[in-house]
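For the sequence shown, the positions run 1 to 353 when full-length UniProt numbering is used.
Using N, Cα and C, we set each Cβ at its ideal position, and we do this for glycine too.
These numbers come from a predicted model, not from an experiment.
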Amino acid sequence: MFIGLCGTICAGKRTVANFLVEKHGFRVLRLAAPSRQLDCSAVASTTIVSRPSCDPQGRDVRAAKEKTEETDLAFKSVDELMEYVTPRWQQRFVTTDIWSEDVLEALLKRPFFLLVGVDAPIIVRWRRYLENCKDHPIPTLEAFVSKADAHMFHPTTGLAPLFVRATVYLLNSSSSLSSLHEQLSAIDLVDETRLRPTWDAYFMQLANLAAQRSNCMKRRVGCVLVREKRVISTGYNGTPRGLTNCNEGGCTRCNGGSAGGSSLSTCLCLHAEENALLEAGRERISKGSILYCDTCPCLTCSVKIAQVGISEVVYSQAYSMDNKTAEVLSAGGVHLRQFSPPREGIVYCNDVE
Numbered sequence: 001m002f003i004g005l006c007g008t009i010c011a012g013k014r015t016v017a018n019f020l021v022e023k024h025g026f027r028v029l030r031l032a033a034p035s036r037q038l039d040c041s042a043v044a045s046t047t048i049v050s051r052p053s054c055d056p057q058g059r060d061v062r063a064a065k066e067k068t069e070e071t072d073l074a075f076k077s078v079d080e081l082m083e084y085v086t087p088r089w090q091q092r093f094v095t096t097d098i099w100s101e102d103v104l105e106a107l108l109k110r111p112f113f114l115l116v117g118v119d120a121p122i123i124v125r126w127r128r129y130l131e132n133c134k135d136h137p138i139p140t141l142e143a144f145v146s147k148a149d150a151h152m153f154h155p156t157t158g159l160a161p162l163f164v165r166a167t168v169y170l171l172n173s174s175s176s177l178s179s180l181h182e183q184l185s186a187i188d189l190v191d192e193t194r195l196r197p198t199w200d201a202y203f204m205q206l207a208n209l210a211a212q213r214s215n216c217m218k219r220r221v222g223c224v225l226v227r228e229k230r231v232i233s234t235g236y237n238g239t240p241r242g243l244t245n246c247n248e249g250g251c252t253r254c255n256g257g258s259a260g261g262s263s264l265s266t267c268l269c270l271h272a273e274e275n276a277l278l279e280a281g282r283e284r285i286s287k288g289s290i291l292y293c294d295t296c297p298c299l300t301c302s303v304k305i306a307q308v309g310i311s312e313v314v315y316s317q318a319y320s321m322d323n324k325t326a327e328v329l330s331a332g333g334v335h336l337r338q339f340s341p342p343r344e345g346i347v348y349c350n351d352v353e
């Protein structure tokens, strides 16, 4: 596993890297910066060092950093780095030196690479900077913000295009190292399923993709019907073929703002599960078939699911009729379970009470 940490100034990305080294046996890889990154130029007449030590407790961690760097491996180019890592892909590596989209593109080609963004509110980063850089000239807050904005939003060297591609985005507001470590352990960054989705994750992503085609005004729902790990059919909710799309006024009930679960007898929209079942047909569904749906099926759909002989239903989001659905599916011999993937997107790392 190879984790890349992309972070704003004083967000704590090297603190996260140290956690991976100390707790999970990762080894730090260094990549030479382009010449423009080595120029710590003055901002508003005050020099701001762009890579200070930024421990969340405000401690001087330079000694620990120097000790860690004794075992770091340094590379002159991303190609050289990848030549080293690729045959050792079963080992654990981490880098904080992702300088550009070109570097990121090279890393993302490998199926064992995971990008993690690390950020923190500007006032938190400013305080960390003051605590950890007392041996440097102290800049004004305006100068620090200007430097931080350039680091993130510069049109050619800014990190914003990298951040939006991160699988996990850590918002590190913690002032306690132990608290940060506790929360990093809880989200389990080293979970291998982040690299290659499990079958559940894979089919649920397909269901989520199908939902994007929905034209129902009430709720987007997608569904995938699977047998022996092969997709039989997909479906999404909306009005039947030949009728005006729901989002174009085709279903009066959905466009009228009816409460969830009410006035269903007047609804013209087929549910995602219904569309998937109709597409597959009874003859293509057999024992062992699994239905993946991004929302728990309603009572009406659960009756049809039980009737066609599906063995299991996997869903991600709850719905108002979950208990009734569970009763029907259980009586019909259909196993129902909720899919819980590892945490992705924004993860808040605050002080634990």
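Out of L81, A160, M1, point me to the one whose CA is closest to L31's CA. L81
Simplified DSSP state of T8, which is helix, strand or coil: coil
Beta-carbon proximity of M321 to C293, cut-off 7 Å: no
Helix, strand or coil, according to DSSP, for D119 in the structure here? strand
Enumerate in chain order the residues of its own chain whose CB-to-CB distance from I346 is below 7 Å, with the five nearest sequence positions on each side excluded. Y169, L171
Quick check on the DSSP output: the alpha helix (DSSP H) that includes Y202 runs from which residue to which? 199-211
Spatial neighbours of H335 within its chain, please: C-beta separation below 6 Å, excluding the five flanking residues on both sides. E312
Contact defined as beta carbons within less than 8 Å: I believe V28 pairs with T95. What is the distance between those atoms, to the nearest angstrom? 7 Å
Keeping to the same chain, check which residues put their C-beta closer than 7 Å to that of R194; ignore five residues upstream and five downstream. L114, T167, P342
Does the distance from the C-beta atom of Y319 to that of C349 stay below 7 Å? no
Give me the Cα-Cα distance between V21 and K287, rounded to the nearest whole angstrom. 47 Å
Would you be able to state if there are at least three C-beta pairs under 8 Å between the segment 199-206 and the segment 266-277? no
Beta-carbon proximity list for E248, same chain, < 8 Å, skipping 5 on both sides: N215
Same chain, Cβ closer than 7 Å to A233, neighbours up to 5 away in sequence not counted: Note that residue 233 is Ser in the sequence shown, not Ala. So the list reads L225, A276, E279, A280, once near-sequence residues are dropped.
Taking the alpha carbon of T8 as the point to measure from, which residue in K147, Q90, V78 has its own alpha carbon closest? K147
To which residues of the same chain is W89 closer than 6 Å at the C-beta, ignoring the five residues directly before and after it? F112
Could you check if S237 is buried or exposed, using at least 16 other CB atoms within 10 Å of its CB as the buried criterion? Note that residue 237 corresponds to Asn in the displayed sequence, not to Ser. Flag for N237 reads buried.
Alpha carbon to alpha carbon, what distance is there between G4 and D79? 15 Å
Straight-line Cα distance separating F19 from F2: 14 Å
Assigned exposure category for F26 - 16 Cβ within 10 Å defines buried: buried
Just how far apart, CA to CA, sit H136 and R128? 13 Å
Is the separation between the beta-carbon of V145 and that of A11 shorter than 7 Å? no
If you draw a straight line from the C-alpha of K134 to the C-alpha of W126, how long is it? 12 Å
Helix, strand or coil for R337 per DSSP? strand
Contact defined as beta carbons within less than 8 Å: I believe T325 pairs with S340. What is the distance between those atoms, to the nearest angstrom? At roughly 18 Å, the Cβ-Cβ gap does not stay under 8 Å, so T325 and S340 are not in contact.
Tell me, to the nearest whole angstrom, how far the beta carbon of R92 is from that of H24; I am working on the premise that it is less than 8 Å. 6 Å
Give, in chain order, every unbroken run of the beta strand (DSSP E) that is at least 3 residues long and sits entirely within the segment 267-312. 290-295
Identity of the residues DSSP links to T95 by a beta bridge: G4
Keeping to the same chain, check which residues put their C-beta closer than 6 Å to that of V103; ignore five residues upstream and five downstream. V78
What's the C-alpha gap between T15 and H151? 19 Å
Can you round the beta-carbon distance between E101 and P161 to whole angstroms, since I take them to be within the 8 Å contact cut? 5 Å
Among all the DSSP beta bridges, which residues are the ones paired with C223? G235, C293
So the candidates are N323, Y202, F163, V328; which of them puts its Cα closest to the Cα of Q307? V328
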